[in-house]
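Novice: Numbering (the numbering used here), first residue to last: 1 to 93.
Quick reminder that beta carbons are idealized off the backbone N, C-alpha and C, glycines included.
All values reported here derive from a predicted model rather than from experimental measurement.
1) Which class does residue 50 belong to by DSSP, given the choice of helix, strand or coil?
2) Nearest to residue 43 by alpha carbon, out of 73, 55, 56?
3) In angstroms with no decimal places, state the Cα-to-Cα distance between residue 75 and residue 81.
4) Using 7 Å as the threshold, is the C-beta distance between residue 83 and residue 70 below it?
5) Got a sec? Which residues, its chain only, sit under 8 Å from residue 92 by beta carbon, not counting five neighbours each side?
6) Helix, strand or coil, according to DSSP, for residue 36 in the structure here?
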């Protein structure tokens, strides 16, 4: 059984996402801890990209570490993490 993923909340108002100061295309950012290597990862999703998603939960891959692996998080329509998985085999073409 995989460990429960830990979301790190940076803001006092318990908002997992922070709106960056770009009025044309706000970018939401959050941090999560990889359950495999325990590295804190910051990820960013622009509002434009998020609005194009039609099926939820939607996967978002965070490739990191040495050896490289991916934390794949699944976001719901409220940008909350609903599930995750680890990919030990990663290839970027």
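Specialist: Taking the definition as stated:
1) helix
2) 73
3) 5 Å
4) no
5) Cβ-Cβ distances below 8 Å link residue 92 to 63 in the same chain, with the five nearest sequence neighbours on each side left out; the list follows chain order.
6) coil
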